[in-house]
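**Q**
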Amino acid sequence: MDNTMFDRGYVSCGLLRKQPMLFVQDTHNVQVVWEMNCGMSNKEMTLIYWTDINDKKVIGPVDPKVLDPFHTVYKTTIGPLSAGPVHYSIELTKKNKKKKTLAKHTFDWFADINQQPIRIAALADNQFGMMTFSSLLRQIRKFPQRQKPHFLLHAGDAVQNYPSLRQWQTDFAAPLAMHGLSQKMPLIYAHGNHDYDSVGEYIYTRSQDPETPWFSFSMANGAIRFIILDSNIDWELQDQWLRQEIESESFKQAQFRIVVVHVPPFLEYWDPEAWFQLRQSEWGSFIKDRYVPLFEEGGVDLVISGHQHNYERGERNGIHYAIIGGGGGDLDYDQVKDWGMYEAKLLDFHFVMLEFRPPSVEDSTDSWTLQWDTFNVNGKKVDSVLMVAHPKQIHQKSDQNSDEEVKEIKI
0 MDNTMFDRGY
10 VSCGLLRKQP
20 MLFVQDTHNV
30 QVVWEMNCGM
40 SNKEMTLIYW
50 TDINDKKVIG
60 PVDPKVLDPF
70 HTVYKTTIGP
80 LSAGPVHYSI
90 ELTKKNKKKK
100 TLAKHTFDWF
110 ADINQQPIRI
120 AALADNQFGM
130 MTFSSLLRQI
140 RKFPQRQKPH
150 FLLHAGDAVQ
160 NYPSLRQWQT
170 DFAAPLAMHG
180 LSQKMPLIYA
190 HGNHDYDSVG
200 EYIYTRSQDP
210 ETPWFSFSMA
220 NGAIRFIILD
230 SNIDWELQDQ
240 WLRQEIESES
250 FKQAQFRIVV
260 VHVPPFLEYW
270 DPEAWFQLRQ
280 SEWGSFIKDR
290 YVPLFEEGGV
300 DLVISGHQHN
310 YERGERNGIH
320 YAIIGGGGGD
330 LDYDQVKDWG
340 MYEAKLLDFH
350 FVMLEFRPPS
360 VEDSTDSWTL
370 QWDTFNVNGK
380 KVDSVLMVAH
390 PKQIHQKSDQ
400 NSDEEVKEIK
410 I
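Numbering that gives the first Met the number 0 numbers the first residue of the sequence shown as 0 and each following residue consecutively.
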C-alpha cells in the first residue's frame, strides 16, 4: 500500500521512502543508502556521524541519483571507523535553510575490538517471498538484547528481477526497515544471479568499482577475515585477486577465514529439467573448478552460499560448506546431485545465527570459536555446530567419504 501511494504521488514530497540501509564496504568503512520520494531538486541531504559527541563529521551535500520522479537515491560512505558504537543521522535542508532530521540510528563496529563476541544473522534468496522473509526477520528481531546480531549477512538474490524498483521496495527494503534491522545492522552482501547488475552500478546495495565487485574485510583486530566473491563474473581478474588475497598477510594472520559466494560449489537441489536439459548445472562452475582448490590450499574455514533454496551444511577436505538459501523464495525439493558431504539438511525456510567468540580464560582456549545455529521460520533451532579456529595449513586433495550419515532435520 505504501509503495503504491508513493508511486502514484499520493503522499507529500520530501519523505523517506526507503529507510537507510547499511552495507559493509571494507574493514573501516560502511556505505549508507537511502531513498526519497520526490521534490528534491531544491533540497540538500547531509549525513552526520560520530563516535564521540564532541567530534561530529558532516558528509554532504550528498549527490542524488534520480531514477524517476518518485525515486531519488542517496549513497555515501561513513569512515574510516575503528571500533565502538557509531551514531549517524540524515538531515534534509530546505531552500529556506530550515533543517529536518529524517533518521537517526546507531550501529556497532568491530574492526579493532577483539575481546567481544560478534554476532551475524545470515540468510539468502528471499526473492518473491516477502511474507516469509518478514517472518524470518521478525524472529531475528525477537532475540534478547544480549543475543541480538550486530550484522546481517545476505548471500544474494534479494529480488527476482533486478530492474524492478517495486521489488526492491516491497521484497527487500521495506521488510528490513519494518523490523528495524537495516538501519542498525550493516549488511555483508554477496550479489546473486537475480540481483546482478551487468553494469556494476548496484543502486540499492553495496557498490564501489564496477570492474572489481568482489571485496574482503577484517573484524576483531584481524582475527576474522571475510572474502566476498561474485559468482556471476567468470573473469581472470577475480581469479588473480583471490590468489593475492589468500597470499596476503591479512588473510594468513586471521584465525577464521570465511568466503561468501552466491552459487555454492557443491549444489545438490535444483529443478531437474533446468539442471539436466537446460545445462544450468554449469552456472558458476568456476567456483568449484578453480576456486575450491584455492580455498583448500589457503586454509579457508567456511564457505557460505545461497542459490539453492533450502539448507545444507557439511564438510569437505577440512572446509565447512553451508547453503542457506531458504530466505523466502520457492523451495527446492528435487535432488539432482549427491556429493556425499552434507551432514545436515532442511528443506524449509530458515536463517542462521553466527556467533564468533574470542579466546576465553575460563574455558582455557587460545583460539576463536564460531557457534553456528540454524533456526526455522518459527524460531526453533534445527541445527547447531561449533567450529574452532585452526592455524593456517594446506589441505591435500582427498576422496570424500560418501558413506557419512546425513542428519535430516525434522520440523
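Positions of the beta carbon are idealized from the N, C-alpha and C atoms, including for glycine. Just so you know, these numbers come straight off a predicted model, no measurement behind them.
When the Cα atoms are used, what is the spatial distance from Thr-125 to Thr-368?
**A** Residue numbering aside, residue 125 sits at position 126 when the sequence shown is read from its first letter. Residue numbering aside, residue 368 sits at position 369 when the sequence shown is read from its first letter. What sits at residue 125 in the sequence shown is Asn, not Thr. The alpha-carbon atoms of Asn-125 and Thr-368 are separated by roughly 29 Å.
**Q** According to the neighbour-count rule (16 or more other Cβ atoms, all chains shown, within 10 Å of its Cβ), is Tyr-341 buried or exposed?
**A** Counted from its first residue, the sequence shown places residue 341 at position 342. Buried is the call here.
**Q** Keeping to the same chain, check which residues put their C-beta closer than 7 Å to that of Trp-213; ignore five residues upstream and five downstream.
**A** Mapped onto the sequence shown, residue 213 falls at position 214. Correct list, in chain order: Ile-227, Leu-228, Asp-229, Gln-237 and Trp-240.
**Q** Return the residue from the list Met-44, Gln-30 and Pro-174 that minimises the CA-CA distance to Leu-136.
**A** Locating residue 136 in the sequence shown gives position 137, where the first residue counts as 1. For Leu-136, the nearest C-alpha among the options comes from Pro-174.
**Q** Decide if Gln-24 is buried, meaning its Cβ has at least 16 other Cβ atoms within 10 Å, or exposed.
**A** As a working note, residue 24 is residue 25 in the sequence shown. Gln-24 should be labelled buried.
**Q** Measure the C-alpha to C-alpha separation of Asp-51 and Ser-88 and round it to an integer number of angstroms.
**A** Taking the first residue of the sequence shown as 1, we reach residue 51 at position 52. Taking the first residue of the sequence shown as 1, we reach residue 88 at position 89. Distance between the alpha carbons of Asp-51 and Ser-88: 14 Å.
**Q** Check Gly-78 in the structure and name its three-state DSSP category.
**A** For this step, residue 78 is matched to residue 79 along the sequence shown. Coil, per DSSP.
**Q** Which ranges would you report for the alpha helix (DSSP H) in the segment 235 to 310 if only whole runs of at least 4 residues count?
**A** 235 to 245, 248 to 252, 271 to 275 and 291 to 297
**Q** How many angstroms separate the CA atom of Ser-383 from the CA atom of His-349?
**A** Numbered from its first residue, the sequence shown carries residue 383 at position 384. Numbered from its first residue, the sequence shown carries residue 349 at position 350. If I take the Cα positions, the gap works out to 13 Å.
**Q** Using the Cβ count rule (16 or more neighbours within 10 Å means buried), how would you classify Gly-83?
**A** As a first step, residue 83 must be located in the sequence shown, where it is residue number 84. Answer is exposed; the Cβ neighbour count stays below 16.
**Q** Return the CA-CA distance between Leu-277 and Trp-269, expressed in angstroms with no decimal places.
**A** Here residue 277 corresponds to residue number 278 of the sequence shown, with the count starting at 1. Here residue 269 corresponds to residue number 270 of the sequence shown, with the count starting at 1. Between Leu-277 and Trp-269, the C-alpha separation is close to 12 Å.
**Q** In whole angstroms, what separates the C-alpha of Leu-330 from that of Gly-59?
**A** Counting from one through the sequence shown, the residue named residue 330 turns up at place 331. Counting from one through the sequence shown, the residue named residue 59 turns up at place 60. Those two C-alpha atoms are separated by around 44 Å.
**Q** Around the C-beta of His-389, are 16 or more other C-beta atoms found within 10 angstroms, so that it is buried, or is it exposed?
**A** Indexing the sequence shown from 1 puts residue 389 at position 390. Exposed, since its Cβ has fewer than 16 Cβ neighbours within 10 Å.
**Q** Measure the beta-carbon distance from Ser-134 to Val-376 and round it to whole angstroms, keeping in mind my assumption that it falls under 8 Å.
**A** Stepping through the sequence shown from its first residue, residue 134 is reached at position 135. Stepping through the sequence shown from its first residue, residue 376 is reached at position 377. Ser-134 to Val-376, Cβ: 5 Å. Contact.
**Q** In three-state DSSP terms, what is Asn-28?
**A** Within the sequence shown, the letter at position 29 stands for residue 28. In this structure, Asn-28 counts as strand in the three-state DSSP scheme.
**Q** Based on the DSSP secondary-structure assignment, which residues constitute the bridge partners of Tyr-87?
**A** Translated into positions along the sequence shown, residue 87 becomes position 88. DSSP, once it has assigned bridges, lists Tyr-48 and His-104 as partnering Tyr-87.
**Q** Measure the alpha-carbon distance for Thr-169 versus Glu-296 and round it to whole angstroms.
**A** Looking up residue 169 in the sequence shown gives position 170. Looking up residue 296 in the sequence shown gives position 297. Taking the straight line joining both Cα atoms gives about 42 Å.
**Q** Could you tell me the alpha carbon to alpha carbon distance between Ala-154 and Thr-92, rounded to whole angstroms?
**A** The count along the sequence shown starts at 1 and reaches residue 154 at position 155. The count along the sequence shown starts at 1 and reaches residue 92 at position 93. Cα to Cα, Ala-154 sits roughly 36 Å from Thr-92.
**Q** Roughly how many angstroms lie between the CA atoms of Lys-183 and Phe-171, to the nearest whole one?
**A** The residue you call residue 183 lines up with position 184 of the sequence shown. The residue you call residue 171 lines up with position 172 of the sequence shown. Their Cα atoms are separated by approximately 15 Å.
**Q** Among Val-198, His-319 and Thr-211, which one has its Cα closest to the Cα of Pro-162?
**A** Within the sequence shown, residue 162 is the residue found at index 163, counting from 1. Comparing alpha carbon positions, the residue from Val-198, His-319 and Thr-211 closest to Pro-162 is Val-198.
**Q** Could you pull the start and end residues of the beta strand (DSSP E) that Gln-370 belongs to?
**A** The sequence position of residue 370 within the sequence shown is 371, counting from 1. Its beta strand (DSSP E) spans residues 368 to 375.
**Q** May I ask which residues mark the beginning and end of the beta strand (DSSP E) holding Ala-121?
**A** Locating residue 121 in the sequence shown gives position 122, counting from the first residue. Residues 117 to 122.
**Q** Would you mind sorting Pro-264 into buried or exposed? The rule is 16 or more other CB atoms within 10 Å of its CB.
**A** By 1-based counting over the sequence shown, the position of residue 264 is 265. That one is buried.
**Q** Please list the terminal residues of the continuous beta strand (DSSP E) segment that includes Ile-202.
**A** Working through the sequence shown from its first residue, we reach residue 202 at position 203. Premise fails: Ile-202 is in no beta strand (DSSP E) and is neither H nor E.
**Q** Would you report the Cα separation of His-104 and Arg-224, rounded to the nearest angstrom?
**A** Position 105 of the sequence shown, counting from 1, holds the residue named residue 104. Position 225 of the sequence shown, counting from 1, holds the residue named residue 224. Straight across, the Cα-Cα distance linking His-104 with Arg-224 is about 26 Å.
**Q** Looking at Trp-49 and Lys-80, is the spacing between their C-beta atoms short of 8 Å?
**A** Taking the sequence shown and counting its residues from 1, one reaches residue 80 at position 81. Taking the sequence shown and counting its residues from 1, one reaches residue 49 at position 50. Contrary to the premise, residue 80 reads as Leu rather than Lys in this sequence. The answer is no: Cβ separation not under 8 Å.
**Q** Kindly indicate the opening and closing residues of the alpha helix (DSSP H) around Arg-137.
**A** The residue given as residue 137 occupies position 138 in the sequence shown. Run containing Arg-137: 129 to 140, per the alpha helix (DSSP H) assignment.
**Q** I'd like the list of long-range same chain contacts for Arg-356, defined as Cβ closer than 8 Å, with 5 residues on each side in sequence excluded.
**A** Here residue 356 is taken as the residue at index 357 of the sequence shown, counted from 1. Excluding sequence neighbours, Arg-356 sits near Pro-116, Trp-367, Thr-368, Leu-369 and Gln-370.
**Q** Sorted by chain position, which residues of the same chain lie with C-beta nearer than 6 Å to Leu-152's C-beta, five sequence neighbours on each side aside?
**A** Translated into the one-based positions of the sequence shown, residue 152 becomes position 153. Ile-119, Ala-121 and Ile-187.
**Q** What residue from Val-29, Lys-94, Ala-102 and Gly-298 has the CA that sits closest to Met-35's CA?
**A** Taking the sequence shown and counting its residues from 1, one reaches residue 35 at position 36. When each option's Cα is compared against that of Met-35, the closest is Ala-102.
**Q** Counting along the chain, where does the alpha helix (DSSP H) carrying Leu-175 start and finish?
**A** By one-based count along the sequence shown, residue 175 stands at place 176. Leu-175: member of the alpha helix (DSSP H) spanning 173 to 177, first to last residue.
**Q** Going by C-alpha to C-alpha distance, which of Gly-326, Gly-378, Thr-211 and Lys-64 sits closest to Ile-202?
**A** On the sequence shown, residue 202 is found 203 positions in, with the first residue counted as 1. If you compare the alpha carbons of Gly-326, Gly-378, Thr-211 and Lys-64 with that of Ile-202, the shortest gap goes to Lys-64.
**Q** Count the other CB atoms, across all protein chains shown, that sit within 10 Å of the CB of Phe-275; report buried if there are 16 or more and exposed otherwise.
**A** In the sequence shown, residue 275 corresponds to position 276, counting from 1. Under this definition Phe-275 is an exposed residue.
**Q** From Arg-312 to Gly-339, what distance separates their C-alpha atoms?
**A** Residue numbering aside, residue 312 sits at position 313 when the sequence shown is read from its first letter. Residue numbering aside, residue 339 sits at position 340 when the sequence shown is read from its first letter. Straight-line Cα distance between these residues: approximately 11 Å.
**Q** Count the other CB atoms, across all protein chains shown, that sit within 10 Å of the CB of Met-0; report buried if there are 16 or more and exposed otherwise.
**A** Reading the sequence shown from its first residue, position 1 is the one you call residue 0. A caution first: Met-0 carries a pLDDT of 48, below 50, which makes its placement in the model too unreliable to give a value.
**Q** State the Cα-Cα distance for the pair Tyr-332 and Leu-346, rounded to the nearest angstrom.
**A** On the sequence shown, position 333 is the one that residue 332 refers to. On the sequence shown, position 347 is the one that residue 346 refers to. Tyr-332 and Leu-346: Cα-Cα distance of roughly 7 Å.
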